[in-house]
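Encoded as structure tokens, the structure appears first; notes follow it.
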Amino acid sequence: MATSASTAAAAPTHDLTKCTNCSSTPPNLLQCVRCKAVSYCNKDCQRSNWKSHKPLCPLLASGATLEDAREALPLDPDVAIRAQYTARYLQAPVPENASPQWLKYFNGLMKLVRLLGEHEGMARNNTQTFNTPAFEKNNVYFAWDFVGRTLTFISRVPPTMQRMTREDREAWNDTKSRTALITDLILNRQKMIDMVDQPYQHLNTVHPEMGDEVIAAARALR
Numbered sequence: 001m002a003t004s005a006s007t008a009a010a011a012p013t014h015d016l017t018k019c020t021n022c023s024s025t026p027p028n029l030l031q032c033v034r035c036k037a038v039s040y041c042n043k044d045c046q047r048s049n050w051k052s053h054k055p056l057c058p059l060l061a062s063g064a065t066l067e068d069a070r071e072a073l074p075l076d077p078d079v080a081i082r083a084q085y086t087a088r089y090l091q092a093p094v095p096e097n098a099s100p101q102w103l104k105y106f107n108g109l110m111k112l113v114r115l116l117g118e119h120e121g122m123a124r125n126n127t128q129t130f131n132t133p134a135f136e137k138n139n140v141y142f143a144w145d146f147v148g149r150t151l152t153f154i155s156r157v158p159p160t161m162q163r164m165t166r167e168d169r170e171a172w173n174d175t176k177s178r179t180a181l182i183t184d185l186i187l188n189r190q191k192m193i194d195m196v197d198q199p200y201q202h203l204n205t206v207h208p209e210m211g212d213e214v215i216a217a218a219r220a221l222r
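Throughout the sequence shown, residue numbering follows full-length UniProt numbering, covering 1 to 222 in sequence.
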């Protein structure tokens, strides 16, 4: 739904004198009723742009800038590369009221995902989209992927760890069990290699050394 851009109170993120969809500048542009941050020359342009605008609309309506709204959206695994996923993981803020136990896991996992993402063993994988089969199916890639997915579990746990629901407790237990598994594998090189190689034995994958920093970060989470 849209209203006249000349009568609605706007909080624009686009130039409201141009159609967001086609960039034309006709008079009496229509404005998105909900966010009042985009404008269209007609209903056809609004419908054409709706798929891309829909996820941004509630964020813009709450006062977010276009840049902040786009950063808040989930990455598209068919478009975003793995390096972008590492960067997105590292953008997560550290809550001021977090419990020490929650912080131990959060900070430890964040350090691990950064070190693994920067590791030479991820160099060629980092430029591929997330859903593209990894060029190097090595131990570093396996650990990076596993740690990143574990961060999604801890993100579901209230940082204060108070008044937790059953779902919260399940996410916390998953966080702890996954962390225990990946740190054990990082600290036991041959065990990790055997697990990673099992489905890809024909590839003769070269597994780089994790390095002292990754080993130390894994030990700190034990």
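C-beta atoms are modelled at their ideal positions from N, C-alpha and C, and glycine is treated no differently.
All values derive from a computational prediction rather than experimental measurement.
- No residue range can be given for Cys-19, since it is assigned to no beta strand (DSSP E) and is classified by DSSP as neither H nor E.
- Going by C-alpha positions, Met-122 is about 43 Å away from Lys-18.
- The alpha-carbon separation between Met-210 and Pro-133 amounts to approximately 21 Å.
- The C-beta distance from Asn-131 to Tyr-141 rounds to 14 Å, too long to fall under 8 Å, and the pair is not in contact.
- Counting every other CB atom within 10 Å of its CB across the protein chains shown gives Asp-145 a total of 16 or more, marking it as buried.
- For Cys-32, there is no enclosing alpha helix (DSSP H); the enclosing beta strand (DSSP E) covers residues 30-32.
- In this structure the stretch 47-63 touches the stretch 22-38; the number of beta carbon pairs closer than 8 Å is three or more.
- Every alpha helix (DSSP H) of 4 residues or more that sits fully in the stretch 48-82 is shown, in chain order, as 57-61, 66-72.
- In the three-state scheme derived from DSSP, where H, G and I count as helix and E and B as strand, Thr-175 is classed as helix.
- Under the Cβ criterion (8 Å, minimum of three pairs), the stretch 194-208 does not count as touching the stretch 81-101.
- With contacts defined by Cβ atoms closer than 8 Å, Leu-116 and Ala-143 form a contacting pair.
- Beyond the five residues adjoining it in sequence on each side, Leu-112 comes within less than 6 Å, by CB distance, of Val-147, Ala-217 in the same chain, given in chain order.
- Boundaries cannot be given for Phe-135, as no alpha helix (DSSP H) includes it and DSSP labels it neither H nor E.
- Measuring C-alpha to C-alpha distances from Cys-35 to each of Asp-15, Ser-62, Pro-208 identifies Ser-62 as the nearest.
- Close CB contacts of Ile-193 within its chain, under the 8 Å cut and outside five residues either way in sequence, are with Asn-139, His-207 (chain order).
- In this structure, the beta-carbon distance from Val-214 to Ile-186 falls below 8 Å.
- Apart from the 5 residues on each side of it in sequence, Phe-135 sits with its Cβ closer than 8 Å to the Cβ of Arg-124, Asn-125, Gln-128 in its chain, given in chain order.
- For Met-192, the uninterrupted alpha helix (DSSP H) segment begins and ends at 189-197.
- Distances from the alpha-carbon of Phe-153 to those of Asp-168, Leu-90, Arg-88 put Asp-168 closest.
- Under the 10 Å beta carbon count, Val-79 is surrounded by fewer than 16 other beta carbons and is classified as exposed.
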